[in-house]
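One structure is given here, and the rest of the page talks about it.
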Amino acid sequence: MTVGLDQYLFLSALLFAIGFFGVLARRNAIVIFMSLELMLMASTLALVAFSRFNGTYSGNVFVFFILAIAAAEVAVGLAIIVALFRHRKTVMVDELNALKN
Amino acid sequence: MAPDLLASLILVLPLASAALCALFLRRQGGLASAVSVTAAAAIAVCSGLLIFGGHREFPASWEWLRFGDFALSIGFKFDDLSALMLFVVSFVGFLIHVFSLGYMHDDPARGRYFGGLSIFMFSMLGIVLADNLLMIFIFWELVGFSSYLLINHWFERPSAAAASKKAFIVNRVGDFGFLLGIILCYWLNGTVNLSELAAKSSAGALVASTAVPLLLFCGALGKSAQMPLHVWLPDAMEGPTPVSALIHAATMVAAGIYMLCRVHVLMVPDALTAIMWVGTITALYAAICAITQRDIKKVLAYSTLSQLGYMVAAFGLGSLAVEHNVTTPGAAALAAGVGAAMFHLTTHAFFKALLFLGSGSVIHGCHHEQDIFKMGGLAKKMPVTFACFTIGVLAIIGMPGLAGFFSKDAILYLAMENNTSVFAVLTITAVLTSFYMVRMWKLTFLGAPRTESSEHAHEGGFTLWAPLVVLAILSIVGATGPLGLFPKLAGSVATLIPVAHGSAHTTILLVSLAVMLTGAAGAWFFYRSSENDALEQASPGFFRVLASKLWIDEAYGYYVAKIQQPFARALSFVEQIALAGFIIRGLAGVAGVIGIGARTLHIGNVHVYVYWFLIGVVLFWSYAMGLF
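Protein chains in written order, with our numbering: chain A, 8 to 108; chain B, 1150 to 1777.
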């Protein structure tokens, strides 16, 4: 069986959906964060696949940028979650409802 | 001293005195009265220097505000007319300040009172010296304000509070017309400066308009209390008597006539005819009202109205010569009215201030009794007041040799020459004047004391009778004639007074003597020293008609209560429903409902925001796909 563009895109969409479902369903901020990373990776997979099948490098260049930014984002995001835990003694998002009022 | 500096000093002194009294001396009545009287004396000295120093038409004008091409300037126009008026205001004003020292000596709010007098002097002198109509208007309003303050001096009395409000509101009606007139004048002629208007007039470049003089006359209608805006003046007698003398007899109410004389170049024949009739009718109406009054100040108030009517009629009459004899309107013929009106204004200021101060002295002596039927026999108790008051009465009824005789004859002569029907009305008015003045004089001073208060009447102190003596002398010499002081004061204005010669002179003299004697004799024989009005007993129905003052106050009351108020309420209802209810509350309500809806979206839970985000993405995606 030949692995074609469709299969890659399907895998990418599946990963994205899993990630999105994780964001929707889970209550732990760290798990949500991981699900977000999963969604990000799903999109990079799609870009790499496009790059491979178009024979150009523009998709790969995008991926490098995304990885660099994702690394920075992880650093900031985890730091926020740690600070949040220190402050509120919890990372369960349904307990973090101080935005209202 | 430079004339413009003197003129500025005349304005600054009373303002400074008023500020001092209002800010620091409200509790120190003695000090406040000293400051105010000193300021009035200084004003009189400065005015004397200015008037008799031969200064006329000196340049004095400063730009105050500028909006684009329109500049509002503060300046002085000092000619013979304003010199005459300045003399009347500053000297009569000073005498009344002195009288107030005695009259208001025991008043607990003396500081406020003298502050009010000073602010009044400031405003009135501003009108006298102003060189343009807008500046006149500004001081005109200030005069109304100070009149309000002073009528309201005993504000704890509801009648005084109501009277001051009435005076202010009625004056606003007239002033609205005045302001419109000024604006129209500026629109038509491009200037409201008096000298520029006069220059344009002599160059024949003035835009003739009937509306401008009539609208300006509206201002005089209010301030000089002419029909139909006369209703405030009798009520204004609620103020202290010196105030009535200063503001509501001698100076402020004359400001309307003065203002008309200042703008006489704008007059056209039709407007003058209207002015003449308004004055004539007011003169007669007020004289009729005066007959039935019991309050000594009310008699004098109606007499003031009547004499103001004379002045207004004289102003209107003067130019009838233009209509009949001259084809193009010219200043010389117009000015005949100015001469007679200003002449009567001046003599009236002297003798009416004298009469009012005399009545003040009487009221003071009788322990604040104002009803003439409860007086009587005061001639022996208060000889100086009696002598001075008698001179005042003789002057107003036109006894030959006294000031009022000359000025009233000038007006009657003018009327006889120009308009016979006006002459007839004014002659009847003169009979009535003499009738009600002699009635009041006899009931007050002659016969036996009728009540306790007149039994124990006494002459006041020096400050109470000295001004009376000075004013009595002025009432004798303040006119033309052999002893006349008037030509020296008025300069060129005095040459404008119509003088009868030959047979006309004899006719006028005879008519004037006849009317005076008829009225005086009628009152002398009709009224007995009694506590009841002889006219009321002789003919109660007729008396009631006269005493009703022709129901004019009632008509205004009806109009305000039954027409204006319901109309205002209807408008208010419409405003509440349509504007405030529908548009303002309605728009606010729409925004509020949207806000309430949007607020429910804001849960505070991150999960819910993710769902909103999902919905947003779906909507965006479907829009991008062209699904809607």
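Glycine included, C-beta positions come from ideal geometry on N, C-alpha and C.
{"Item": "Closer than 7 Å at the beta carbon, the chain C residues around residue 104 (chain A)", "Value": "The structure shown has no chain C; the protein chains it does contain are A and B."}
{"Item": "Cβ neighbours of residue 1160 (chain B) in the same chain (closer than 8 Å, five flanking residues each side left out)", "Value": "1271, 1274, 1275 and 1278"}
{"Item": "Chain B contacts from the segment 48 to 71 of chain A (Cβ-Cβ distance under 7 Å)", "Value": "none"}
{"Item": "Interface partners of residue 31 (chain A) on chain B, CB under 8 Å", "Value": "1756, 1759, 1760 and 1763"}
{"Item": "Counterpart residues of residue 1224 (chain B) in DSSP-defined beta bridges", "Value": "B:1210"}
{"Item": "Where residue 98 (chain A) meets chain B, residues with beta-carbon distance less than 8 Å", "Value": "Those within 8 Å of residue 98 (chain A) in chain B number zero; the least Cβ separation is about 11 Å."}
{"Item": "First and last residue of the uninterrupted alpha helix (DSSP H) at residue 1368 (chain B)", "Value": "1360 to 1372"}
{"Item": "Spatial neighbours of residue 1669 (chain B) in its chain, beta-carbon cut-off 7 Å, leaving aside the 5 residues before and after", "Value": "1546, 1583 and 1587"}
{"Item": "8 Å Cβ cutoff, residue 101 (chain A) in contact with chain B", "Value": "yes"}
{"Item": "Option nearest residue 1412 (chain B) by Cα separation, candidates B:1746, B:1224, B:1526 and B:1285", "Value": "B:1285"}
{"Item": "Spatial distance of residue 1835 (chain B) from residue 1248 (chain B) (CA atoms)", "Value": "The structure shown does not extend to residue 1835 (chain B), since chain B spans only 1150 to 1777, so no value can be given for it."}
{"Item": "C-alpha gap between residue 1228 (chain B) and residue 1261 (chain B), whole angstroms", "Value": "34 Å"}
{"Item": "Member of B:1325, B:1179, B:1644 and B:1576 whose CA lies at the smallest distance from the CA of residue 1429 (chain B)", "Value": "B:1576"}
{"Item": "Residue interval of the alpha helix (DSSP H) (run including residue 1555 (chain B))", "Value": "1552 to 1567"}
{"Item": "Beta-carbon proximity of residue 1511 (chain B) to residue 1600 (chain B), cut-off 8 Å", "Value": "no"}
{"Item": "Limits of the alpha helix (DSSP H) - the one that residue 1644 (chain B) falls within", "Value": "First-last for residue 1644 (chain B): undefined, no H or E at that position."}
{"Item": "Contact set for residue 1515 (chain B): own chain, Cβ-Cβ below 7 Å, skip 5 residues either direction", "Value": "1524, 1602, 1603 and 1606"}
{"Item": "Beta-carbon proximity check, residue 1467 (chain B) vs residue 1395 (chain B), cutoff 8 Å", "Value": "no"}
{"Item": "Spatial neighbours of residue 51 (chain A) in its chain, beta-carbon cut-off 6 Å, leaving aside the 5 residues before and after", "Value": "70 and 73"}
{"Item": "Contact between the segment 1328 to 1335 of chain B and the segment 1360 to 1368 of chain B (3+ Cβ pairs under 8 Å)", "Value": "yes"}
{"Item": "Cα-Cα separation, residue 62 (chain A) to residue 95 (chain A)", "Value": "50 Å"}
{"Item": "Inter-residue spacing [alpha-carbon to alpha-carbon] between residue 88 (chain A) and residue 1731 (chain B)", "Value": "51 Å"}
{"Item": "Assigned exposure category for residue 1506 (chain B) - 16 Cβ within 10 Å defines buried", "Value": "buried"}
{"Item": "Inter-stretch contact at 8 Å, needing at least 3 Cβ pairs: the segment 1530 to 1544 of chain B / the segment 1610 to 1629 of chain B", "Value": "yes"}
{"Item": "Assigned exposure category for residue 1259 (chain B) - 16 Cβ within 10 Å defines buried", "Value": "buried"}
{"Item": "In chain order, each beta strand (DSSP E) run of at least 3 residues that lies wholly inside the segment 1665 to 1742 of chain B", "Value": "none"}
{"Item": "Backbone secondary structure at residue 1520 (chain B) - three-state DSSP", "Value": "strand"}
{"Item": "Inter-residue spacing [alpha-carbon to alpha-carbon] between residue 1470 (chain B) and residue 1230 (chain B)", "Value": "Model confidence at residue 1470 (chain B) stands at a pLDDT of 46, short of 50, so the residue's coordinates are unreliable; what they give is reported in the following sentence. When rounded, the distance between both Cα atoms is 21 Å."}
{"Item": "Test item: CB-CB of residue 1465 (chain B) and residue 1486 (chain B) under 8 Å", "Value": "yes"}
{"Item": "Buried/exposed call for residue 1356 (chain B), threshold 16 Cβ in 10 Å", "Value": "exposed"}
{"Item": "4-residue-minimum alpha helix (DSSP H) runs that sit fully inside the segment 1269 to 1347 of chain B, ordered along the chain", "Value": "1282 to 1300 and 1307 to 1338"}
{"Item": "DSSP bridge partner residues for residue 1215 (chain B) (one or two, in chain order)", "Value": "B:1220"}
{"Item": "Per-residue burial, residue 1447 (chain B) [other beta carbons within 10 Å of its own, 16 or more giving buried]", "Value": "buried"}
{"Item": "Beta carbon of residue 1299 (chain B) nearer than 8 Å to that of residue 1265 (chain B)", "Value": "yes"}
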